[in-house]
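Below is one structure, written out as structure tokens; comments come after it.
2 protein chains.
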Amino acid sequence: MRDAYHEELDALRVDMVDLARRVRTAMSRASRALLEGDLAVAEEVIDGDDDVDQMRRDIERRIVDLIARQQPVASDLRVLTAGLRIVADLERAGDHAVHLAKLARRRYPMTVVPEPLRPVIARMGEAAVGIAGELEEVLATADAARAASMERHDDTMDALHRALLREMLETPWSYGVDTAIDLAYASRYFERYADHLVSAARHVNYQVTGQWTAEVGDLA
Amino acid sequence: MRDAYHEELDALRVDMVDLARRVRTAMSRASRALLEGDLAVAEEVIDGDDDVDQMRRDIERRIVDLIARQQPVASDLRVLTAGLRIVADLERAGDHAVHLAKLARRRYPMTVVPEPLRPVIARMGEAAVGIAGELEEVLATADAARAASMERHDDTMDALHRALLREMLETPWSYGVDTAIDLAYASRYFERYADHLVSAARHVNYQVTGQWTAEVGDLA
Numbered sequence: 001m002r003d004a005y006h007e008e009l010d011a012l013r014v015d016m017v018d019l020a021r022r023v024r025t026a027m028s029r030a031s032r033a034l035l036e037g038d039l040a041v042a043e044e045v046i047d048g049d050d051d052v053d054q055m056r057r058d059i060e061r062r063i064v065d066l067i068a069r070q071q072p073v074a075s076d077l078r079v080l081t082a083g084l085r086i087v088a089d090l091e092r093a094g095d096h097a098v099h100l101a102k103l104a105r106r107r108y109p110m111t112v113v114p115e116p117l118r119p120v121i122a123r124m125g126e127a128a129v130g131i132a133g134e135l136e137e138v139l140a141t142a143d144a145a146r147a148a149s150m151e152r153h154d155d156t157m158d159a160l161h162r163a164l165l166r167e168m169l170e171t172p173w174s175y176g177v178d179t180a181i182d183l184a185y186a187s188r189y190f191e192r193y194a195d196h197l198v199s200a201a202r203h204v205n206y207q208v209t210g211q212w213t214a215e216v217g218d219l220a
Numbered sequence: 001m002r003d004a005y006h007e008e009l010d011a012l013r014v015d016m017v018d019l020a021r022r023v024r025t026a027m028s029r030a031s032r033a034l035l036e037g038d039l040a041v042a043e044e045v046i047d048g049d050d051d052v053d054q055m056r057r058d059i060e061r062r063i064v065d066l067i068a069r070q071q072p073v074a075s076d077l078r079v080l081t082a083g084l085r086i087v088a089d090l091e092r093a094g095d096h097a098v099h100l101a102k103l104a105r106r107r108y109p110m111t112v113v114p115e116p117l118r119p120v121i122a123r124m125g126e127a128a129v130g131i132a133g134e135l136e137e138v139l140a141t142a143d144a145a146r147a148a149s150m151e152r153h154d155d156t157m158d159a160l161h162r163a164l165l166r167e168m169l170e171t172p173w174s175y176g177v178d179t180a181i182d183l184a185y186a187s188r189y190f191e192r193y194a195d196h197l198v199s200a201a202r203h204v205n206y207q208v209t210g211q212w213t214a215e216v217g218d219l220a
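Structure follows, in structure tokens:
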């Protein structure tokens with residue numbers, strides 16, 4: 001039988017998967033809002049951010065409480081401190097979906113994305129949603145090998161980011177400086193969203209193996 | 001006489017002030033690199049980031065260790081968990097100084113900033129350095145009232161950010177889409193740098209008073 005401590009750890013894991021799912025849904029909607037100029041969907045993403053923040057706070061509070069009550073050492077402490085980093089990364093990924101939704105809202109009823117650049121922006125949205133879906137499974141299964149393999153997504157999104165900038169520089173620019181600025185921000189938000197999810201995956205790998213897949217900060 | 005626990009808390013505070021000082025110096029140099037196209041200074045900022053990351057990890061490790069060993073409750077737990085947020089904010093502020101330095105390096109031997117926009121970018125750099133200096137004092141003195149007053153700096157930097165975007169839209173644009181993109185990013189980096197320092201100040205206020213000066217996430 002599982003003791004109360006491990007039951008609480010299991011509950012934390014379930015809630016982290018739920019948080020990741022919300023952050024994925026937010027990105028899916030934010031991409032749609034951006035491409036289609038859909039104000040209602042943009043508002044959903046923006047309004048949903050309070051729940052994401054609240055879930056992060058709730059999970060953090062429970063983790064700190066476990067550290068203080070259980071005085072865990074070694075691998076148990078590692079799981080908990082890495083958990084703090086995972087929920088911080090998830091929340092910050094969610095913030096970037098919100099930034100995209102706010103771009104869409106600010107431009108409404110126009111859309112942010114000029115026709116020639118729609119395909120690359122759509123690919124960025126699909127990549128971001130795919131990365132979030134993969135992270136959900138990694139969180140649910142604590143699969144270290146799969147978590148480590150998520151490192152490749154840094155390259156996926158960097159390549160799309162560079163492709164967008166290149167297309168912007170190669171497109172005869174009749175869309176104004178404001179559109180150039182918005183697209184630069186949009187591209188950055190997709191990229192940072194992916195960065196945070198890859199960072200979260202790195203912390204899952206660390207929870208399981210105690211090893212870093214890349215040079216990043218560690219808590220414990 | 002102070003016990004070992006409070007001596008460790010004092011040592012943590014000293015190290016947080018030191019971390020804030022490094023993050024201020026990084027911004028001062030990054031602004032100079034950006035405005036003057038100074039490659040050597042840009043490289044200093046970029047190379048210095050490892051030290052900042054290492055200091056964050058060191059402080060975090062000591063805080064988690066104190067939570068596990070001392071099982072603090074109430075205000076002691078609040079001080080420690082808020083400390084985790086403060087060092088995370090400081091490190092992320094430092095990352096934005098590095099982003100600015102990398103922009104400068106990428107454009108070298110050209111400079112990022114067209115002549116008409118130099119004044120507003122210079123003001124952003126000065127504001128950012130000033131905010132960091134104020135945070136150092138807030139950290140050193142644990143002055144809650146002064147920490148709360150740092151909220152105003154969100155407006156300071158937002159106003160400069162909007163001023164830059166407005167000037168970009170009003171300037172007949174002969175500087176290319178690439179310069180528009182770089183300036184959009186630079187402005188965002190200054191703004192995010194300030195955001196993180198204001199967030200750190202908010203956590204100092206919370207350490208002392210247990211109250212939030214604005215709606216933000218809390219750990220404990």
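Heads up: the sequence lines are chains L and Z, in that order. Residue numbers for the first sequence follow the UniProt record's numbering, beginning at 1 and rising by one. Residue numbers for the second sequence follow the UniProt record's numbering, beginning at 1 and rising by one. Think of the CB as a built atom: it goes at the ideal place given N, C-alpha and C, for glycine as much as any other residue. Remember, predicted model here, so these are calculated numbers, not experimental data.
Would you check if the distance between the CB atom of Ala82 of chain L and the CB atom of His203 of chain L is smaller than 7 Å?
yes
Buried or exposed for Ser174 of chain Z, going by 16 or more other Cβ atoms inside 10 Å?
By the neighbour-count definition (other C-beta atoms within 10 Å, threshold 16), Ser174 of chain Z is an exposed residue.
Nearest-angstrom Cα distance between Ala140 of chain Z and Ser149 of chain Z?
Roughly 16 Å separates the two Cα atoms.
In chain Z, which residues lie less than 9 Å from Tyr185 of chain L when you measure between Cβ atoms?
For Tyr185 of chain L, the chain Z residues whose Cβ falls inside 9 Å of its Cβ are Ala184, Tyr185, Arg188, in order along the chain.
Looking only at its chain, what residues have a beta carbon closer than 8 Å to the beta carbon of Asp51 of chain Z, apart from the 5 residues adjacent to it on each side?
Arg22
Counting only runs of 3+ residues fully inside the UniProt domain "PhoU" (18-103) of chain Z, write out the beta strand (DSSP E) ranges in chain order.
List check, beta strand (DSSP E) in window: nothing returned.
DSSP-derived helix/strand/coil call for Val14 of chain L:
Three-state result, Val14 of chain L: helix.
Closer than 7 Å to chain L by CB, residue 291 of chain Z
Here chain Z covers residues 1 to 220 and nothing more, so residue 291 of chain Z does not appear.
Write down every uninterrupted run of the alpha helix (DSSP H) in the stretch 109-186 of chain Z whose length is 4 residues or greater and which is fully enclosed by it, in chain order.
The alpha helix (DSSP H) runs lying completely inside the stretch 109-186 of chain Z and spanning 4 residues or more are 118-141, 144-149, 152-170, given in chain order.
Report yes or no: is there a C-beta of chain Z within less than 7 Å of the C-beta of Ala180 of chain L?
yes
So with CB distances below 8 Å, who are the chain L contacts of Gln71 of chain Z?
Ala68, Arg69, Gln71
Helix, strand or coil for Asp195 of chain L, going by three-state DSSP, please let me know.
helix
On the criterion of 16 or more Cβ atoms from any shown chain inside 10 Å, does Pro72 of chain L qualify as buried, or is it exposed?
buried
Closest Cβ-Cβ distance between Met16 of chain L and chain Z: below 7 Å?
no
With 7 Å as the threshold, decide whether the Cβ of Leu90 of chain Z is near any Cβ in chain L.
Interface criterion not met: the Cβ of Leu90 of chain Z is under 7 Å from no Cβ in chain L.
Flag Met157 of chain Z as yes if its beta-carbon sits less than 7 Å from any beta-carbon of chain L, otherwise no.
Closer than 7 Å: no.
Test: Val98 of chain Z CB closer than 7 Å to a CB of chain L
no
Just to confirm before moving on: does the CB-CB distance between Ala101 of chain L and Ala194 of chain L stay below 7 Å?
no
Counting only Cβ pairs nearer than 8 Å, list the residues of chain L close to Met168 of chain Z.
Val177, Ile181
Determine the contact status of Leu197 of chain L and Ala132 of chain L, defining contact as a CB-CB distance below 7 Å.
yes
Contact between the stretch 35-51 of chain L and the stretch 151-168 of chain L (3+ Cβ pairs under 8 Å):
no
Is it buried or exposed, His6 of chain L, if we count other Cβ atoms within 10 angstroms and call 16 or more buried?
exposed
Identify the contact partners of Leu165 of chain L in chain Z, using a Cβ-Cβ distance below 7 Å as the criterion.
Going along chain Z in sequence order, the residues near Leu165 of chain L (Cβ under 7 Å) are Ile181.
Is Val112 of chain L near Asp182 of chain L, with beta carbons less than 7 Å apart?
Yes. Within cutoff.
Is it right to say Met124 of chain L is buried, meaning 16 or more other beta carbons lie within 10 angstroms of its own, or is it exposed?
buried
Residues in the same chain with beta-carbon distance under 7 Å from Leu103 of chain L, minus the five sequence neighbours each way, listed in chain order, please.
Leu34, Val112, Asp182, Tyr185, Ala186
Among Z:Val17, Z:Glu8, Z:Ala4, which one has its Cα closest to the Cα of Ala201 of chain Z?
Z:Val17
Report yes if the CB atom of Met168 of chain Z is closer than 7 Å to the CB atom of Val177 of chain L, and no otherwise.
yes
Residues in its own chain within less than 7 Å of Asp53 of chain Z by CB, not counting five upstream and five downstream?
In its chain, beyond the 5 residues on either side, Glu91 have a beta carbon closer than 7 Å to the beta carbon of Asp53 of chain Z.
Quick one: what's got a C-beta closer than 6 Å to His99 of chain L's C-beta in the same chain, skipping five residues either side?
Tyr189
Does DSSP put Val209 of chain Z in a helix, a strand or coil?
Here the sequence assigns Thr to residue 209 of chain Z, which means Val is not the residue at that position. Reduced to three states, the DSSP call for Thr209 of chain Z is helix.
Would you say His196 of chain L lies against chain C (beta-carbon separation less than 7 Å)?
Given the protein chain composition of this structure (L and Z), no chain C is represented.
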